[in-house]
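Numbering-wise (this note's numbering), the sequence shown opens with residue 2 and increments by one.
Heads up, the beta-carbon is just placed ideally off N, CA and C, and yes, glycines get one too.
A quick write-up on the structure given underneath.
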Amino acid sequence: MADLYVFASIPDQGKTTTVLLLEKKLREEGKRVACLQNNKGKNDVHHYLFSNCHHYTIPP
Numbered sequence: 002m003a004d005l006y007v008f009a010s011i012p013d014q015g016k017t018t019t020v021l022l023l024e025k026k027l028r029e030e031g032k033r034v035a036c037l038q039n040n041k042g043k044n045d046v047h048h049y050l051f052s053n054c055h056h057y058t059i060p061p
């Protein structure tokens with residue numbers, strides 16, 4: 002099992018796009034995917050995730 006984290010301190014650097022593309026690719030390979038999100042409500046990524054992808058929000 003491996004963990005992969007996508008971070009950027011500046012907005013609009015492509016984090017969401019990167020995560021969605023990685024999620025799609027990893028699921029095609031049969032991997033399990035979970036998405037951890039810190040800024041719930043801002044660019045809420047769960048709307049774009051495929052089914053059976055676990056989505057969690059980390060409290061501030």
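Please look up how many angstroms separate the CB atoms of residue i and residue j, rounded, as I've assumed it's under 8 Å.
i, j, result
"Leu5", "Leu23", "7 Å"
Just the Cα atoms here: how many angstroms apart are residue i and residue j?
i, j, result
"Val34", "Arg28", "7 Å"
"Lys1", "Val7", "The first residue shown for the chain is 2 and the last is 61, placing residue 1 beyond what the model contains."
"Ala3", "Lys32", "10 Å"
"Pro12", "Leu21", "16 Å"
"Thr19", "Glu30", "17 Å"
Answer with yes or no whether the minimum CB distance from residue i to chain C is below 8 Å.
i, result
"Gln14", "In the structure shown, chain C cannot be found, because there is only a single protein chain."
Spatial neighbours of residue i within its chain, please: C-beta separation below 7 Å, excluding the five flanking residues on both sides.
i, result
"Ala9", "Lys16"
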